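K.L.:
So for the sequence shown, this note's numbering puts the first residue at 1190; every next one is plus one. Ideal placement from N, C-alpha and C gives every residue a C-beta, glycine not left out. Predicted model only: the values in this text are computed from it and were never measured. Let me begin by handing over the structure; questions about it come next.
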Amino acid sequence: MKIIVDAFGGDYSPEQTVLGALDALGAKSSLRIVLTGDEEKIAEVLKGQSYDKTRLEIVHAPAVVTGNDVPTEAVRKMTDSSLVKGLDLLASDDEAQAFVSTGATGAVLVGAYMKIGRIKGVSRPALAPALPTVKGKPVILCDCGANIDCKPVNLLHFAIMASAFSSAVTGAAKPVVGLLSNGAEAKKGNELNKEAFKLLSECPHIDFAGNCEARDMLSGDFDVVVADGFNGNIALKSAEGTAGAIFSVLMDGINKGGLRAKLGALLLRPVLRVVKNKMDYNAQGGACFLGLNKVVVKAHGAAKRKSVCAAILQARKLAKSEITEKIRMAVRTAAETGGNDAD
């Protein structure tokens, strides 16, 4: 399987991106990777590294799209950038099954939409990270930032796509879907949520369990949580920030707590390490851009070696599971029986 990796754009690119790609090659002998980016800088990172040179290719792309660039203009004009060249390769090469980038989210989304195109019947492609939960199984948050303003039918399509995605990731026969809202009661929410609630309730192709409050998003009671990109992004970053704050406060308390606190921390270290790893959503890889004609995974901009490797292996797993075709079939079936066509 061939996967295209944008070697630049992230906070720690190209070093951490390239090293993560090498780790992925070492993990899967059937994997081939194409790195796009400045060939000389990539070669510098590869010096002294041990890897199968027959399974790694470099495509020279000297320019880098950053968060300061206007996404649409960057995709149209910066044709020699690592991002655009990578997406062009994904679109033109039948052997290329997926694309992974740590680059600017807006540019990745716009570029993927323009170059790869959406699946017929999908009103809006959406970003869907797999987040850890207290029960151990992941929950799919869809959308987490691709679509700030949404219509009710968009949220319905997010639920349909994310359910197919969840089944591919966890093996769940019929994932439980919740709608992110400000209360669990059916009458809660703004006008968008109330209309979406009605559509989700009437859809026979998903297992809709009702509203999900933000505090229950990581409970493990839901397999999929649906939201517009604005609220979904706030929920995601709030969860990430809260987890980071708790560990910071805990470490501060240990450091200031004297010998007893330090001894207690020493005894609890294995447990704390397990908890930290379990709740680290970066360990899941990245957020898959659902609704496109090929697999596109957006890894965290601050992703390091381990996270980049996880994102590449995640992209491989999704491509191998034929997730694109499964979403295409799910959307088509729902449209034929429910009449909820793309806008």
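#1: What first and last residue would you give for the beta strand (DSSP E) that runs through residue 1211?
#2: Mapping the DSSP letters down to three states, classify residue 1318 as helix, strand or coil.
#3: Given this structure, state the Cα-to-Cα distance separating residue 1229 from residue 1391, to the nearest angstrom.
#4: What first and last residue would you give for the beta strand (DSSP E) that runs through residue 1503?
#5: In the DSSP assignment, find the unbroken beta strand (DSSP E) run with residue 1312 in it and report its ends.
#6: What distance in whole Å lies between the Cβ atoms of residue 1301 and residue 1481, which are believed to be in contact at a cut-off of 8 Å?
#7: Where are the alpha helix (DSSP H) runs, 4 residues long or more, that stay fully inside the stretch 1313 to 1391, in chain order?
#8: Roughly how many angstroms separate the alpha carbons of residue 1512 and residue 1452, rounded to a whole number?
#9: Any idea what DSSP makes of residue 1191, helix, strand or coil?
#10: Within a Cβ cutoff of 6 Å, which residues of the same chain sit near residue 1450, ignoring the five residues on either side of it in sequence?
#11: I need the straight-line Cα distance from residue 1440 to residue 1428, nearest angstrom please.
#12: What is the DSSP secondary structure of residue 1447, counted as helix, strand or coil?
#13: So, is residue 1304 buried or exposed, given that buried needs 16 or more other C-beta atoms within 10 angstroms?
#14: Helix, strand or coil for residue 1253, going by three-state DSSP, please let me know.
#15: Are the CB atoms of residue 1215 and residue 1521 nearer to each other than 9 Å?
#16: Counting along the chain, where does the alpha helix (DSSP H) carrying residue 1263 start and finish?
P.N.:
Inspection of the coordinates gives the following:
#1: Taken as a continuous stretch (DSSP letters only), residue 1211 belongs to no beta strand (DSSP E), being part of the alpha helix (DSSP H) at 1204 to 1216.
#2: Strand at residue 1318.
#3: Looking at the two C-alpha atoms, the distance is approximately 56 Å.
#4: Run containing residue 1503: none in the beta strand (DSSP E); it sits in the alpha helix (DSSP H), 1494 to 1509.
#5: From DSSP, residue 1312 is part of no beta strand (DSSP E); its letter is neither H nor E.
#6: About 6 Å; that satisfies the 8 Å criterion.
#7: Runs of the alpha helix (DSSP H) inside the stretch 1313 to 1391: 1341 to 1359, 1380 to 1391.
#8: Each residue's CA atom was taken as its position, placing residue 1512 and residue 1452 some 48 Å apart.
#9: Three-state result, residue 1191: strand.
#10: Here the set comprises 1443.
#11: When rounded, the distance between both Cα atoms is 19 Å.
#12: Residue 1447: helix per DSSP, three-state reduction.
#13: When all chains shown are included, residue 1304 counts as buried.
#14: Three-state DSSP puts residue 1253 in coil, outside helix and strand.
#15: Taking 9 Å as the Cβ cut-off, residue 1215 and residue 1521 do not qualify as a contacting pair.
#16: In the DSSP assignment, residue 1263 falls within the unbroken alpha helix (DSSP H) covering 1260 to 1266.
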